[in-house]
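Contents: one structure, followed by commentary.
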Amino acid sequence: MPERRLRILVAKPGLDGHDRGAKIIARALRDAGFEVIYTGLHQTPEMIAEAAMQEDVDAIGLSILSGAHLTLFPAVIELLEQKGIGDVPVFGGGIVPAEDTAELKRRGVKALFTPGATTQEIVDWVRTNITPRTA
Amino acid sequence: MATPKSDWIRHAYPKSADRLQAYTTVSGMEVDPMYTPDDLGAWSYDARLGDPGAYPYTRGAYPSMYRGKLWTMRQFAGFGTAEDTNERFKFLLAQGQTGLSTAFDMPTLMGYDADHPRALGEVGREGVAVSSLHDMEALFDDIPLETVTTSMTVNCTASVLLAMYFAVAQRRGLSLHQLGGTIQNDMLKEFIAQKEWISPPQPSVRVIVDMIDFCARHAPRWHAVSISGYHIREAGSTAAQELAFTLADGIGYVQAAVERGLDVDAFGPRLSFFFNLHNDFFEEIAKLRAARRMWAQIMRERFGAKNPRAWLLRTHAQTAGCSLTAQQPVNNVVRVAIQALAGVLGGTQSLHTNSMDETLALPSEPAVLVALRTQQIIAEETGVANIVDPLGGSYAVEALTDRLEREALAYIQRIDELGGIIRAIELGYPQKEIAEAAYRYQQELDRGDKIMVGVNKYQLDEEPPIEILRLNPQVERQQAQRVRARKQARDAAAVQVALAQVRQAAAEGTNLMPPIIDAVQHECTVGEISDIFRAVFGVYRDPAWI
C-alpha cells in the first residue's frame, strides 16, 4: 500500500511579519508533493501546537526573523510535549546566528536552514528525515 | 522596418559569443546589448524629462539638487531600551548623519505593551521598545526636535507614536509648526508586504487620512505618510511592481483624502515616498526617475493638482536588505556602496545604507559607522553630487526609465480595473504577484541562473564568526517592569477619560489625533490605544495564501 503524503505545518510564530521565506518553502514543499498547511502570520506557540494537533502533521517548520527564536522555538516544542505530540519533529529557519543554532538543537530543533539554503536542500531534508507519524 | 540598432544587433553584435543564456536585471527584465537613439522613439526632452525641479521632475526634485543640499543621511536605528537607542542616535549624529530614523520593536509596531504576553521574547529585539510617553521622552532626551528632523518607521500604531512625538515636543514648549520629520504610516503596503497590522484596510486608511488632515493643518512641516516600495521589494517584487504598487498606494491615499474633502494642493506637498535600492544599478536609477515622472502626471492629470509642489515626488531610499548575504559579510559593504550610488544618481532626497552585519543582527556600532561613511565618501570624494542627473540623456537609462514606466502603468491600470488598490488588496492581487516573483527569483537562485557571490558562487568552506550586536537579556524584564510602574504611577481616572475620548472619536469618525495626543499626555499606552482600535475597527487576519 502506498505511503500517504507527508503533512507539513509551516508556521510563523510571534509578531514577525516577514513571510517571504515561509511562503516560498511552503510552496516548494507543496510542489515537491507534500501536503502543506500554512498557518499564516502572528501565531502564538499555543496556536501552532494546536494546529499541529488538529491537522495531525508529521513535522513543523517554523520561520523566525525577528530575533525571538530562543523564546519561540522552545515554547512550541514544550507545548507539543504538553499536548502529547512531542514526537513531531520541529525544524526551521530565518535569522538565527550561528551561536544560537547549537542551543536550539539542544532544545530539540532538528534542523535549521539559514540564509543561503536552497529549497531543494529543505525538500531533501524533509524527504530523508520525516516519516508519517500514523499509518 | 529595420533600424540601425536592429541591424547592428542582427549583423554586428556577436551573439554566439555571449557568455550567458540571457541578460536580465535582478527583476528578470531583459536588457539589450546596447541602446541607441532608436530606443527613444518620439522622445522629447521637454515632455519626457523637463529640467530638474520642473514638471515632470524626471531629472530631479530641485534645480540644484546636491550642489545646493546633499541628501539627508538618515540611518535607521533602534534596539533595546529608549536609553540604548538615544545613545545610538547621538553617536550617529556626532558622526555626521543629518537626520534621525527610528526603528521600533515588534510589540510597539503591533500595538502591544512590553508587559503583554504576546511581547514575550520580542521586546527591544527588532527595534526600540516604546510603550508610553515616558519612553518617548527618554528616546529623544537631549535631542533638539526643533532642529533635527526625525523619521519614524511605524504603521498601524503610527497615530500613537506620532502623538507621543508631538506630546514630547509640546512638553518642551515647542509648537508643532517647528517640527520636521516623517512618519511611515503606510498601511496599504502593510497588507501587501510588511504585514504589520491591527485592523482591516478601510479603517486603517481612515486613520491615515485623519493624520494627513491633522498634519496639514497643525504640523505643516511634517510628512504624514511615507508611501513605501521598500518593503514591497523586500517581499520579493520586481522593480516594476515596486514602482507600480507604491504609486497605486499613493493614488489610494490621495483618493481617500480627496473623498474626505481635503485639498490636494494643500496636503499633496507633504506626501513622501520610500524606495528600495537593489542590486541592478541602472534599473534602480531608472526606477526613481520613472517614479517622479509618473507621480507628477498622476497628481496633475488624475487629481487635478495645481500646486507644483503637490506634483513633486520626494523620496527616502534604503539599500536592499534582501540582497545582503550572511556569508562573507564584508562583501555587503561593496553591495551597499553600489546600491547607495544608484540612489544618489537616481536623485533620492534621503538615504539609509545598510550595515554589513544586518543579515545576522541589528547593526553593530563599527558596522553602522562604515555604512554612514559610505554615504559621506560618495558625497565628498566621488564627484557624483556635483552634476545634476548626470545620467540623463543616456540612451540606456532613458530607455529603461521609459520601459519601467510602461510596465508600472500596466499594473496600475490593472489595479484601476479591479476597483482600486483597496479592492485589489482584498482580492490578493499585489500579494500574489509578489509571491510569484519571489518564488521565481528563488528558483533562479537555486538553479544558479542568478548569482549571489559567496552563496552560490565563490563560497568559502569556513568563515570566522564576526562580532554582532547582542541585546542585553535584561531589557525585556526591565522594560516590562517600567511599563507596569508607569501604569501604577499615573492618574488612573484621567486615563479612563482620555481613552473614552479616543474610543468616541474612533466610533464617531472625528479626527483621532487630538484625543490620541491628549491620551498619550496622560500616559495612555500604545497597547491601550491599540486595544481601542481592535475593539472599534476590528482585527485583520492574515489570509495566509501560499
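The listed protein sequences correspond, in order, to chains W and V.
Each residue of the first sequence is one higher than the one before, starting from 1 at the first, in the working numbering.
Each residue of the second sequence is one higher than the one before, starting from 1 at the first, in the working numbering.
Every residue gets a Cβ at the ideal spot worked out from N, C-alpha and C, and that includes glycine.
Proximal residues to residue i (C-beta, below 6 Å), its chain only, five neighbours per side dropped
{"i": "Q194 of chain V", "result": "H231"}
{"i": "T101 of chain W", "result": "L112"}
{"i": "S355 of chain V", "result": "P363, A367, V368 and A371"}
{"i": "A494 of chain V", "result": "H522"}
{"i": "A75 of chain W", "result": "P45"}
Nonlocal neighbours in the same chain, by C-beta distance under 8 Å from residue i, ignoring five residues either side
{"i": "L133 of chain V", "result": "M164, A167, V168, V520, Q521 and E523"}
{"i": "Y55 of chain V", "result": "A296, R300, P308 and W311"}
Residues of its chain near residue i, where Cβ-Cβ distance is below 7 Å and the 5 sequence neighbours each way are ignored
{"i": "V36 of chain W", "result": "I8, V10, A26, L29 and R30"}
{"i": "N456 of chain V", "result": "L445 and G448"}
{"i": "Q19 of chain W", "result": "Checking the sequence, you will find Asp at residue 19 of chain W rather than Gln. Excluding positions up to five away in sequence, the list reads K12 and L41."}
{"i": "D357 of chain V", "result": "P329, P363, S364, A367, I466 and I468"}
Cutoff 8 Å: residue i Cβ touching any chain V Cβ
{"i": "K223 of chain W", "result": "Residue coverage of chain W in this structure runs from 1 to 135, which leaves residue 223 of chain W outside it and unanswerable."}
{"i": "G86 of chain W", "result": "no"}
{"i": "V36 of chain W", "result": "yes"}
{"i": "R127 of chain W", "result": "no"}
{"i": "G92 of chain W", "result": "no"}
{"i": "D100 of chain W", "result": "no"}
{"i": "R107 of chain W", "result": "no"}
{"i": "A68 of chain W", "result": "yes"}
{"i": "I95 of chain W", "result": "yes"}
{"i": "T162 of chain W", "result": "This structure cannot speak to residue 162 of chain W, because chain W is shown only from 1 to 135."}
Where residue i meets chain W, residues with beta-carbon distance less than 7 Å
{"i": "G78 of chain V", "result": "Within chain W, no residue comes near G78 of chain V; the closest Cβ sits about 13 Å away, beyond 7 Å."}
{"i": "G236 of chain V", "result": "R20"}
{"i": "K195 of chain V", "result": "G17, D19 and L41"}
{"i": "Y439 of chain V", "result": "I24 and R27"}
{"i": "Q442 of chain V", "result": "I24 and T119"}
{"i": "E126 of chain V", "result": "S66 and G67"}
Contact set between residue i and chain V, taken where Cβ atoms lie within less than 8 Å
{"i": "L72 of chain W", "result": "G121"}
{"i": "S63 of chain W", "result": "The premise fails here: S63 of chain W is roughly 13 Å from chain V at the closest Cβ pair, so nothing lies under 8 Å."}
DSSP three-state assignment for residue i, whether helix, strand or coil
{"i": "L9 of chain W", "result": "strand"}
{"i": "S159 of chain V", "result": "helix"}
{"i": "F537 of chain V", "result": "helix"}
{"i": "L409 of chain V", "result": "helix"}
{"i": "I227 of chain V", "result": "strand"}
{"i": "G93 of chain W", "result": "strand"}
{"i": "S64 of chain V", "result": "coil"}
{"i": "S63 of chain W", "result": "strand"}
{"i": "L427 of chain V", "result": "helix"}
{"i": "K450 of chain V", "result": "coil"}
{"i": "Y439 of chain V", "result": "helix"}
{"i": "L112 of chain W", "result": "strand"}
{"i": "A103 of chain V", "result": "strand"}
{"i": "T72 of chain V", "result": "strand"}
{"i": "I212 of chain V", "result": "helix"}
Under 7 Å by beta carbon: chain V residues contacting residue i
{"i": "Q120 of chain W", "result": "D446"}
Neighbouring residues, chain W, relative to residue i (Cβ below 8 Å)
{"i": "V455 of chain V", "result": "P115 and G116"}
{"i": "I183 of chain V", "result": "The premise fails here: I183 of chain V is roughly 18 Å from chain W at the closest Cβ pair, so nothing lies under 8 Å."}
{"i": "T157 of chain V", "result": "Near T157 of chain V there are no residues of chain W at all, since even the closest Cβ is about 12 Å away, more than 8 Å."}
{"i": "I546 of chain V", "result": "K23, A26, R27, R30, V36 and Y38"}
{"i": "T325 of chain V", "result": "P115 and G116"}
{"i": "L360 of chain V", "result": "I95 and P97"}
{"i": "R423 of chain V", "result": "Near R423 of chain V there are no residues of chain W at all, since even the closest Cβ is about 21 Å away, more than 8 Å."}
{"i": "M299 of chain V", "result": "Residues of chain W passing the Cβ test: none, with the nearest at roughly 30 Å."}
Beta carbon proximity, residue i to chain W, threshold 8 Å
{"i": "K287 of chain V", "result": "no"}
{"i": "E30 of chain V", "result": "no"}
{"i": "T25 of chain V", "result": "no"}
{"i": "M110 of chain V", "result": "yes"}
{"i": "R10 of chain V", "result": "no"}
{"i": "R477 of chain V", "result": "no"}
{"i": "D542 of chain V", "result": "yes"}
{"i": "Q241 of chain V", "result": "no"}
{"i": "Q318 of chain V", "result": "no"}
Any C-beta of chain C under 8 Å from that of residue i
{"i": "G33 of chain W", "result": "Here chain C cannot be found, since the structure's protein chains are W and V."}
Beta-carbon neighbours of residue i, restricted to chain V and to distances below 9 Å
{"i": "T131 of chain W", "result": "Neighbours of T131 of chain W on chain V: none; closest Cβ ~24 Å, over 9 Å."}
9 Å Cβ cut-off: residues of chain W touching residue i
{"i": "R118 of chain V", "result": "G14, L15, H42 and T44"}
{"i": "P144 of chain V", "result": "The premise fails here: P144 of chain V is roughly 32 Å from chain W at the closest Cβ pair, so nothing lies under 9 Å."}
**Request:** Counting only runs of 3+ residues fully inside the stretch 329-398 of chain V, write out the beta strand (DSSP E) ranges in chain order.
**Result:** 350-352
**Request:** Counting only runs of 3+ residues fully inside the stretch 253-334 of chain V, write out the beta strand (DSSP E) ranges in chain order.
**Result:** 271-277 and 315-319
**Request:** Let me know the alpha helix (DSSP H) ranges lying completely inside the stretch 9-48 of chain V, each 4 residues or longer, listed in chain order.
**Result:** none
**Request:** Tell me the start and end of each unbroken beta strand (DSSP E) in the stretch 124-201 of chain V that is at least 3 residues and wholly inside, in chain order.
**Result:** 150-153 and 181-183
**Request:** Could you tell me which uninterrupted alpha helix (DSSP H) segments, each at least 4 residues in length, are contained entirely in the stretch 458-532 of chain V, listed from first to last along the chain?
**Result:** 475-489, 492-508 and 513-521
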